[in-house]
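The structure appears below as structure tokens.
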Amino acid sequence: MKISPTQIYKLLPKLNCKECGYPTCMAFAVKMLKKQAFLNDCSPLKKPEYIQNAIKLKELAGEILSAAETKLVINEERCTGCGNCVISCPPNVSVSLDASGGKGPKGDEVVMKIKDGKVVVCNLKMCRRFEDDVDTRPCNVCVESCPEDAIEFL
Ligand code: SF4
Ligand code: SF4
Ligand code: SF4
83 MKISPTQIYK LLPKLNCKEC GYPTCMAFAV KMLKKQAFLN DCSPLKKPEY
133 IQNAIKLKEL AGEILSAAET KLVINEERCT GCGNCVISCP PNVSVSLDAS
183 GGKGPKGDEV VMKIKDGKVV VCNLKMCRRF EDDVDTRPCN VCVESCPEDA
233 IEFL
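Note that my numbering has the sequence shown beginning at 83, numbered continuously upward.
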């Protein structure tokens, strides 16, 4: 299905408040389609009155970004390779001290590691969001540890 900027715009708060860094909601919609703007950037969308629209927008974002099975999306343009997410991810820390050092282990048996200055996903099956007994509050450690707002779960 081809997604249009208007389709995204209709679901945005349409406040033209510029909080996302773009002059209008339509400008944000166009950037989102180009994978240059992300839903996290629209603060008004987090208000309860927009929750239904936010859910629909996340579905559209998933199609745009082709998120992997866990719906983990890394915005490579924002990632500085600081390693915070790597060293704070609980499965990573439990398997490798190298991973906990933020440098990345030798093998790929970690959720993610730093490679060439960017975080790369190695084994998503190890992410806690894959566990059968995920409680009502799924792990969000990597998102919260990223100073660049580069990780998002759709
Ligand atoms: S922050 Fe949201 S509501 Fe405000 S201009 Fe950007 S897209 Fe529109
Ligand atoms: S959600 Fe948790 S387990 Fe999954 S990658 Fe992020 S920190 Fe690691
Ligand atoms: S915490 Fe954010 S900026 Fe740092 S490596 Fe992870 S994704 Fe990149």
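Idealized CB from N, CA, C, for every residue including glycine.
Using the Cβ count rule (16 or more neighbours within 10 Å means buried), how would you classify Asn222? exposed
Span separating the alpha-carbon of Met108 from that of Glu159: 22 angstroms
So, using beta-carbon positions, are Val168 and Lys197 closer together than 8 angstroms? no
Distance check for Pro229 and Asn122, CA to CA, integer angstroms please. 13 angstroms
In angstroms, rounded to a whole number, what distance separates the CA positions of Thr106 and Glu141? 22 angstroms
Which residue's Cα is closest to the Cα of Pro95: Lys84, Asn135, Pro87, Glu145? Asn135
Helix, strand or coil at Val201 [DSSP, three-state]: strand
Count the other CB atoms within 10 Å of the CB of Leu97; is the residue buried (16 or more) or exposed (fewer)? exposed
My guess is that Ile90 and Leu115 are in contact by the Cβ rule of under 8 angstroms, so how many angstroms apart are they, rounded? 7 angstroms
I believe Val177 touches Glu191 by the beta-carbon criterion, under 8 angstroms. Please report the beta-carbon distance rounded to the nearest angstrom. 6 angstroms
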